[in-house]
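Taking it in order: structure first as structure tokens, then the write-up.
Protein chains: 2
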Amino acid sequence: MSLITVGTMAFDAIETPFGKVEKIIGGSATYVAYAASNFINKVQQISIVGYDFPEDEMQEMKKRGIIMEGVEVVPDKKSFFWSGRYHLDMNTRDTLITDLNVLEDFNPIVPESYQGTEFLMLGNLMPKLQLSVINQLRVRPKLIVLDTMNFWMDIALDDLKAVLKKIDVLLVNDGEARQLSGEVSLVKAAKVIMNMGPRFLIIKKGEHGALLFHENHVFFAPALPLEEVFDPTGAGDTFAGGFIGYLAKTKDISFENMKTAIIVGSAMASFCVEKFGPDRLKEISKADIDERLSEFVQLVNFDIDLV
Amino acid sequence: MSLITVGTMAFDAIETPFGKVEKIIGGSATYVAYAASNFINKVQQISIVGYDFPEDEMQEMKKRGIIMEGVEVVPDKKSFFWSGRYHLDMNTRDTLITDLNVLEDFNPIVPESYQGTEFLMLGNLMPKLQLSVINQLRVRPKLIVLDTMNFWMDIALDDLKAVLKKIDVLLVNDGEARQLSGEVSLVKAAKVIMNMGPRFLIIKKGEHGALLFHENHVFFAPALPLEEVFDPTGAGDTFAGGFIGYLAKTKDISFENMKTAIIVGSAMASFCVEKFGPDRLKEISKADIDERLSEFVQLVNFDIDLV
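Note that the protein sequences, when read in sequence, are chains A and B.
Following the working numbering, the numbering of the first sequence begins with 1 at its first residue and continues without gaps.
Following the working numbering, the numbering of the second sequence begins with 308 at its first residue and continues without gaps.
See below:
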């Protein structure tokens, strides 16, 4: 099984009610790749970094089976940098700084060796670039998952709609689902969005879990109630990485298996928020993941004899 | 099995984005009783109404096995009246009018025939009155469930804390759990609140479902994603009524059975919001409830082979 992930590799500076870090590793493709590498050992990364991205981080990724051939290193520019501050509820944040740096010139090229891949995860990025990656693939992947955000709905809606026609699974949060569809009810929003192209829609609700829609079916995955949410940065990307990593491992893209994949994604996200940056994703073991998955089973398991 | 429910029986005027009603039946004990009467046929009501509360509504309640001996009718005063307007998201509302009327003199008296009841549902009410009902019962019920709200935390916190020491299950929403505990994390909030008395805590999160805490266990019940939420008024009381009605019917107050009871409460709440007022609760059949419960099973059911 092979998986291409496309997105940013970056530096973040983060302030939460529980602490502050000046410059740590971040980026959507970083989180996706680390999460997915817990399930498959051939993650084909497409991204761009500057001269300042640490060589030891690149080595760490390679060691975990993440293939870096599609990662462009720009020798005379800095890596993408984002800085944000979370509010007390940890569900909302203010962006303080966005330094595009290398991202201004990003033109993702699919290496020849990546051709024929079965799974494609398009991280949050300019829709034109997401479309360009799809168009470069000579054989359509078995499953294309796309993450996006309200920013692209504001400034590049037509491009976004064009790429939506080409994908299988869309990932958005509840506010974005409402914006994209013009519907307040998430059930109605899902119908409108699935008419735009994707056969599956995942609506992420942060600490309130996630919904998976497909045809007339809906599945709800809870988020694990946590004592401490240390840093929510990357939780959505980690969710995506766990989701597609599990699908790529099991090679089963049925609705039933996607339910399980969403629980796996939620479990990975619950690890991500326990530390600043992607560190927690590097240290967890298979046993840790299994134990966390058991907690999810416990969390929602009930018996019912119809009344 | 017998169940005492204490709370208001009232008139509401409601405005939602989907419509407006001038004067319909409302009140916490009304919703609780109608919901619970779908499961048990001996609901012992304690409330107060004015001369204007419709006789045919009282008859309808009696027909459903709701015993009205504990409902005081004040001949020269009007019933409690509440008026509110919901925002577009239906999660928040503004109170427009609160006419206490008969509620100013409410001094709940437990009729002799109610003594020995096994289940007690204390609807949202002044904590002193809730405590007075507990103190009037010569045999402590098997299970005491209490609903309250932020208003009482603001103006009668000491009274509320006194009654919390005497109950088994507390029902609050997420904001109220945070206010009562002083903790942002709901997991931490639950620990603090369970130290105040209740062995079980249910945190209601509206369209985001509900959490049940007990000792070190947590259970999550989703809300059913609905195409239309017509009127959320009474949904929390209906949830409570379904919850305690199911427990009273099954006579099993274990954590395992409470999980099922919360799903039943969520199912009843999902009916409640489909029409203005409690009307929907009067027309549903056992088959409707069973079908809705199956939808909940589908909603959260997944298979997992540990990875």
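Positions of the beta carbon are idealized from the N, C-alpha and C atoms, including for glycine.
Here Gly26 of chain A carries a strand assignment [DSSP, helix/strand/coil]. Contact annotation: Val470 of chain B and Pro434 of chain B have beta-carbon atoms nearer than 9 Å. Listed in chain order, the beta strand (DSSP E) elements of length 3 or more contained wholly in the region 147-181 of chain A are 169-173.
The beta-carbon of His515 of chain B is placed less than 9 Å from the nearest beta-carbon of chain A. Straight-line measurement puts the Cα of Lys63 of chain A at about 14 Å from the Cα of Ala36 of chain A. Ala210 of chain A has its alpha-carbon roughly 31 Å from the corresponding atom of Asn345 of chain B.
The bridge partners DSSP lists for Tyr246 of chain A come to none. Inclusion of Leu160 of chain A and Asp174 of chain A in the CB contact set at 9 Å is not warranted, their separation being larger than that value.
Rounded to the nearest angstrom, the gap between the Cα atoms of Met258 of chain A and Ala267 of chain A is 14 Å. Thr148 of chain A and Ile591 of chain B have their C-alpha atoms spaced approximately 42 Å apart. Neighbourhood of Ile263 of chain A in chain B, by CB distance below 9 Å: Phe609, Ile611, in chain order. Partner residues in the beta bridge of Lys20 of chain A, as assigned by DSSP, are A:Glu15.
With respect to the 9 Å criterion, Val32 of chain A and Val49 of chain A are not classified as neighbours on the basis of their beta carbons.
In this structure, A:Tyr34 is the residue among A:Tyr34, A:Pro17, A:Thr16 with its C-alpha nearest to the C-alpha of Thr8 of chain A. Listed in chain order, the non-local C-beta contacts of Lys472 of chain B below 8 Å within the same chain comprise Met503, Gly504, local neighbours out to five positions each way being set aside.
Among the residues facing chain A, Glu535 of chain B is included, as its CB has a counterpart in that chain under 9 Å away. For the region 523-534 of chain B, the set of residues with a beta-carbon nearer than 9 Å to any beta-carbon of chain A comprises His524, Val525, Phe526, Phe527, Ala528, Pro529, Ala530, Leu531, Pro532, Leu533, Glu534, in chain order.
The region 353-421 of chain B is shown to contain whole alpha helix (DSSP H) runs of 4 or more residues at 362-370, in chain order.
Exposed is the label assigned to Ala594 of chain B, since fewer than 16 other Cβ atoms lie within 10 Å of its Cβ. In the three-state reduction of the DSSP assignment, Phe537 of chain B falls in the coil class, being assigned neither a helical nor a strand state.
According to the DSSP assignment, Val313 of chain B belongs to the beta strand (DSSP E) that extends over 310-313.
In this structure the region 176-183 of chain A does not lie against the region 481-491 of chain B, because fewer than three pairs of beta carbons, one per stretch, are closer than 8 Å. Bounds of the beta strand (DSSP E) holding Ala528 of chain B are 524-528. In the DSSP assignment, Ile144 of chain A forms a beta bridge with A:Leu120.
Shown here for Phe520 of chain B: same chain residues with a beta carbon closer than 6 Å to its own, the five before and five after excluded, namely Ala497, Leu508 in chain order.
Residue state for Ile203 of chain A is assigned as strand, using DSSP reduced to three classes. In this structure, the alpha-carbon of Ile167 of chain A lies about 36 Å from that of Leu88 of chain A.
Our two residues, Met368 of chain B and Leu310 of chain B, have alpha carbons roughly 15 Å apart in a direct line. In the DSSP annotation of this structure, the continuous segment of the alpha helix (DSSP H) that includes Leu493 of chain B starts and ends at 493-501. In the assembly as shown, Thr5 of chain A is a buried residue. Its beta-carbon has 16 or more other beta-carbons within 10 Å.
Secondary structure at Leu224 of chain A: coil, using DSSP grouped into helix, strand and coil. Residues are counted here when their Cβ sits less than 9 Å from a Cβ of chain A; for the region 373-397 of chain B these are Leu395, Asp396, Met397, given in chain order. Of the candidates A:Leu226, A:Met90, A:Ala269, the residue whose Cα lies closest to the Cα of Gly245 of chain A is A:Ala269. Distance from the CA atom of Pro232 of chain A to the CA atom of Val440 of chain B, rounded to whole angstroms, is 45 Å. For Ser592 of chain B, there are no neighbours in chain A by C-beta distance under 7 Å, as the nearest C-beta there is about 11 Å away.
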